[in-house]
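Numbers in our numbering are just positions in the sequence shown, counted from 1, shifted up by 195.
Ideal Cβ placement from N, Cα and C applies to all residues, glycine included.
No experiment lies behind these values; they were computed from the predicted model shown.
These notes are about the structure you will find just below.
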Amino acid sequence: MAEDPVIRAEGLSVRFGSKTIFKDVSFEVRRGEIFVILGGSGCGKSTLLKALIGLVPLAAGHAWLLGEELAKEDDNERRALLRRIGVMWQSGALFGSMTLAENVELPLEEHTDLSRPAREALARSKLGLVGLGDAAAKLPAEISGGMAKRAGIARAMALDPPLLFLDEPGAGLDPITSAGLDKLIKDIARDTGTTFVVVTHELQSILAIGDRCIMLDKEAQGMIAEGDPRQLKAESTQPTVRAFFRREAA
Ligand SMILES: Nc1ncnc2c1ncn2[C@@H]1O[C@H](COP(=O)(O)OP(=O)(O)O)[C@@H](O)[C@H]1O
Ligand SMILES: [Mg+2]
Numbered sequence: 196m197a198e199d200p201v202i203r204a205e206g207l208s209v210r211f212g213s214k215t216i217f218k219d220v221s222f223e224v225r226r227g228e229i230f231v232i233l234g235g236s237g238c239g240k241s242t243l244l245k246a247l248i249g250l251v252p253l254a255a256g257h258a259w260l261l262g263e264e265l266a267k268e269d270d271n272e273r274r275a276l277l278r279r280i281g282v283m284w285q286s287g288a289l290f291g292s293m294t295l296a297e298n299v300e301l302p303l304e305e306h307t308d309l310s311r312p313a314r315e316a317l318a319r320s321k322l323g324l325v326g327l328g329d330a331a332a333k334l335p336a337e338i339s340g341g342m343a344k345r346a347g348i349a350r351a352m353a354l355d356p357p358l359l360f361l362d363e364p365g366a367g368l369d370p371i372t373s374a375g376l377d378k379l380i381k382d383i384a385r386d387t388g389t390t391f392v393v394v395t396h397e398l399q400s401i402l403a404i405g406d407r408c409i410m411l412d413k414e415a416q417g418m419i420a421e422g423d424p425r426q427l428k429a430e431s432t433q434p435t436v437r438a439f440f441r442r443e444a445a
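Here it is in structure tokens:
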């Protein structure tokens with residue numbers, strides 16, 4: 196029997212007031228893969244992430260994370276489940292008054308009974324994993340944008356989540372730094388077996404890291420493609436999908 200998916204989404208719809216953002220979105224994310232949610236700005240990518248982890252209500256559909264349906268859990272179970280999921284938001288700024296190590300320690304302080312030295316050691320090891328072993332004592336203002344994104348990933352990984360959501364990790368970075376971040380994500384996925392769900396609209400990133408993807412579309416109010424991004428690029432005949440992957444006007 197095939198292994199249970201890490202995420203199963205069935206018929207998800209989200210509305211804000213009378214406005215439908217997307218409807219009937221269904222997909223599965225498999226263990227260990229880098230799954231990309233792509234699409235133009237404003238099509239609902241961040242909203243879909245939030246819906247998956249219960250931060251915005253579903254108007255319809257069901258979502259299972261790590262085998263559990265969040266909406267069916269009581270508060271304690273929900274907290275326990277959410278603790279097993281790391282998230283780096285698009286706006287996911289580090290706390291400016293805290294060192295990188297302290298930023299990474301924060302989730303450990305909130306969610307574990309670990310001693311201070313144990314937390315410090317873990318924070319340093321997570322920073323080492325993202326190539327910031329030497330920058331633990333630096334403040335966010337003292338580091339580059341790319342380093343801040345790496346630190347954000349380290350913080351999202353503090354509790355060793357088997358599932359990590361990254362919302363537009365490359366946003367605001369130059370292409371070379373963004374490519375470095377893509378390599379880091381791939382390395383972490385390979386070395387730790389962490390499953391990634393990455394939101395992005397950057398074609399280079401999608402092709403570099405995505406094992407599989409779904410594409411959302413604002414006009415269609417939902418999913419317009421699913422599959423291996425390289426295959427979609429080569430084969431899709433859907434005009435909007437082709438336009439996106441081949442940088443052509445639709
Ligand atoms: N809390 C909210 N209330 C009302 N509208 C929202 C809310 N959050 C997002 N939206 C709207 O939903 C649409 C999709 O937003 P978002 O998920 O942020 O898009 P993306 O991440 O793909 O750029 C946008 O039109 C946005 O204005
Ligand atoms: Mg967004």
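According to DSSP, is residue i part of a helix, a strand, or is it coil?
i	result
Gly-422	strand
Ile-248	coil
Lys-218	strand
Arg-203	strand
Glu-457	Since the first residue of the chain shown is 196 and the last is 445, residue 457 is not available in this structure.
Leu-358	strand
Glu-430	helix
Ser-213	coil
Ser-373	helix
Ile-442	Inspection of the sequence shows that residue 442 is occupied by Arg rather than by Ile. If DSSP states are grouped into helix, strand and coil, Arg-442 belongs with coil.
Met-352	coil
Ala-343	helix
Ala-403	helix
Ala-366	coil
Ser-236	coil
With DSSP as the reference, please indicate the residues paired to residue i in a beta bridge.
i	result
Thr-435	Bridge partners of Thr-435: none, in fact.
Ala-255	Ser-208
Cys-408	Val-231, Gly-422
Gly-417	Asp-412
Phe-391	Ile-229, Leu-359
Glu-397	Answer is none; Glu-397 lacks a bridge partner.
Glu-223	Arg-203
With a cut-off of 8 Å on the beta carbons, I'd call residue i and residue j a contact; round off their distance for me.
i	j	result
Met-283	Ile-380	Their Cβ separation, rounded to whole angstroms, is 11 Å, which puts Met-283 and Ile-380 out of contact at 8 Å.
Gly-291	Pro-335	5 Å
Leu-322	Leu-359	Actually they do not touch by this definition, with Cβ atoms about 16 Å apart.
Leu-207	Ala-246	6 Å
Val-209	Ile-216	5 Å
Distance cutoff 8 Å, beta carbons only. Does residue i sit that close to anything in chain C?
i	result
Ser-221	Here there is only one protein chain, and chain C is not present.
Practice problem: Would you list, in sequence order, the uninterrupted beta strand (DSSP E) runs of no fewer than 3 residues that lie entirely inside the segment 259-332? | Solution: 280-283
Quiz item: Does the segment 342-352 come close enough to the segment 283-292 to have 3 or more Cβ pairs within less than 8 Å?
Solution: Touching, per the Cβ criterion.
Self-check item: Three or more C-beta pairs below 8 Å linking the segment 327-342 and the segment 371-391
Solution: yes
Quiz item: Using 8 Å as the Cβ pair cut-off and three pairs as the minimum, do the segment 314-324 and the segment 252-262 touch?
Solution: no
Practice problem: Pair every Cβ in the segment 299-307 with every Cβ in the segment 361-372, then say whether three or more of these pairs are closer than 8 Å. | Solution: no
Quiz item: Touching or not, the segment 230-238 and the segment 387-399, by the rule of three or more beta carbon pairs under 8 Å?
Solution: Counting C-beta pairs closer than 8 Å gives three or more between the segment 230-238 and the segment 387-399, which meets the contact rule.
Quiz item: Are three or more beta carbon pairs between the segment 421-434 and the segment 263-281 nearer than 8 Å?
Solution: no
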